[in-house]
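J.: Counting in my numbering, the sequence shown runs from 75 upward without gaps.
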Amino acid sequence: MISGPSGAGKTSIASAVLARLPDIVPSVSMTTRRPRRGEKDGVQYRFVSDEVFDATAAADGFLEHAVVHGNRYGTPKEPVEKALAEGKTVLLEIDVQGSRAIRDSVPGALLIFVEPPSREVLRERLHRRKTEDDASFSLRMRNAEAEMEAADEFDHAVVNDHLEEAVSEVLRILETA
Ligand code: 5GP
75 MISGPSGAGK TSIASAVLAR LPDIVPSVSM TTRRPRRGEK DGVQYRFVSD
125 EVFDATAAAD GFLEHAVVHG NRYGTPKEPV EKALAEGKTV LLEIDVQGSR
175 AIRDSVPGAL LIFVEPPSRE VLRERLHRRK TEDDASFSLR MRNAEAEMEA
225 ADEFDHAVVN DHLEEAVSEV LRILETA
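Next comes the structure, spelled out in structure tokens:
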């Protein structure tokens with residue numbers, strides 16, 4: 075599991091890890107957030123309505139789900155359980171609440187926290203990404219404070235100063251796990 079504040083570089087690290095280790099299965103979360111430019115349904119996320127999200131939750135279809143930065147996100151249960159039953163490794167990129175839930179329900183889960191070198195760098199990266207409006211930007215920065223305090227709860231914390239180094243560190247962690 076890869077977690078950490080918005081803008082820390084989780085997605086970049088996860089993509090690089092998946093490119094190097096093609097046997098790892100990425101979990102595609104469901105979200106009620108609207109797609110950003112370039113995002114495709116079924117690739118980054120399954121973009122769904124509140125009704126579909128509710129129905130999935132009611133049918134016990136999530137391993138965990140949470141409200142993050144004002145939108146709903148959930149890890150679909152079936153694909154993860156199927157992959158694990160086949161002996162595969164599954165990569166989840168989820169928030170701190172989701173990581174706690176999975177840690178408590180999936181034995182042997184490995185929790186990796188990705189953190190930025192500083193708050194200023196986080197602000198700058200989130201700003202440069204240009205994916206958020208002002209309200210979402212401020213919310214994500216505020217939430218980052220609380221998320222950063224959760225780093226100690228994780229098995230490993232990786233500071234993402236230089237992407238390549240952070241990716242190598244995550245690969246090392248996975249190799250020795
Ligand atoms: P974004 O909107 O930037 O794609 O994601 C916002 C946050 O939601 C990120 O911290 C991301 O890791 C988290 N997230 C994505 N999918 C899930 C999920 O299925 N469950 C939980 N709990 N968080 C998720």
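C-beta atoms are modelled at their ideal positions from N, C-alpha and C, and glycine is treated no differently.
On a predicted model such as this, the values are computed, not experimentally measured, just so you know.
Can you tell me which residues form a DSSP beta bridge with Met-104?
T.: Position 30 of the sequence shown, counting from 1, holds the residue named residue 104. DSSP output for Met-104 lists Arg-120 and Gly-148 as bridge partner(s).
J.: Exposed or buried, which one is Asp-128 when buried takes at least 16 other CB atoms within 10 Å?
T.: The residue labelled residue 128 in the question sits at position 54 within the sequence shown. That one is exposed.
J.: Considering only residues of the same chain and omitting the five flanking positions on each side of Ala-32, which have a CB-CB separation below 7 Å?
T.: The structure shown does not extend to residue 32, since the chain is modelled only from 75 to 251, so the question has no answer here.
J.: Just confirm the distance between the C-beta atoms of Ala-224 and Val-170, as a whole number of angstroms; I'd bet it's less than 8 Å.
T.: One-based indexing of the sequence shown puts residue 224 at position 150. One-based indexing of the sequence shown puts residue 170 at position 96. With 8 Å as the limit, Ala-224 and Val-170 qualify as a contact, their Cβ atoms being about 5 Å apart.
J.: Could you check whether the Cβ of Lys-56 sits closer than 7 Å to any heavy atom belonging to ligand 1?
T.: There is no way to answer for residue 56, as the model of the chain reaches only from 75 to 251.
J.: Return the bridge partner residues of Phe-187 from the DSSP annotation.
T.: The residue given as residue 187 occupies position 113 in the sequence shown. For Phe-187, which the question treats as bridged, DSSP gives the partners Ser-77 and Ala-231.
J.: List the endpoints of the continuous alpha helix (DSSP H) containing Val-244.
T.: Here residue 244 is taken as the residue at index 170 of the sequence shown, counted from 1. Element bounds for Val-244: 237-250.
J.: Measure the C-alpha to C-alpha separation of Arg-146 and Met-104 and round it to an integer number of angstroms.
T.: Translated into positions along the sequence shown, residue 146 becomes position 72. Translated into positions along the sequence shown, residue 104 becomes position 30. Looking at the two C-alpha atoms, the distance is approximately 8 Å.
J.: Closer than 8 Å is the cut-off here; do at least three beta carbon pairs connect the segment 84-93 with the segment 225-245?
T.: Cβ pair count under 8 Å is three or more, so yes.
J.: Closest to Arg-96 by C-alpha separation, out of Lys-162, Pro-109 and Gly-182, would be which residue?
T.: The count along the sequence shown starts at 1 and reaches residue 96 at position 22. At residue 96 the sequence reads Pro, which differs from the Arg that was named. When only C-alpha atoms are compared, the closest one is Lys-162.
J.: Give the DSSP-derived three-state secondary structure of Leu-137 in the structure shown.
T.: In the sequence shown, the residue the question calls residue 137 occupies position 63. In this structure, Leu-137 counts as strand in the three-state DSSP scheme.
J.: For Thr-250, count neighbouring Cβ atoms within 10 angstroms of its own Cβ and tell me buried if that reaches 16, exposed if not.
T.: On the sequence shown, residue 250 is found 176 positions in, with the first residue counted as 1. Exposed, because fewer than 16 other Cβ atoms sit within 10 Å of the Cβ of Thr-250.
J.: Any heavy atom of ligand 1 within a distance shorter than 7 Å of the CB on Arg-246?
T.: By 1-based counting over the sequence shown, the position of residue 246 is 172. The answer is no for Arg-246.
J.: When every heavy atom of ligand 1 is checked, does at least one fall within less than 7 Å of the C-beta of Glu-219?
T.: As a working mapping, residue 219 is identified with position 145 in the sequence shown. Glu-219 Cβ: outside cutoff for every heavy atom of ligand 1.
J.: Go ahead and label Gly-182 buried or exposed: buried means 16 or more other beta carbons lie within 10 angstroms of its beta carbon, across all protein chains shown.
T.: One-based indexing of the sequence shown puts residue 182 at position 108. Classification for Gly-182: exposed.
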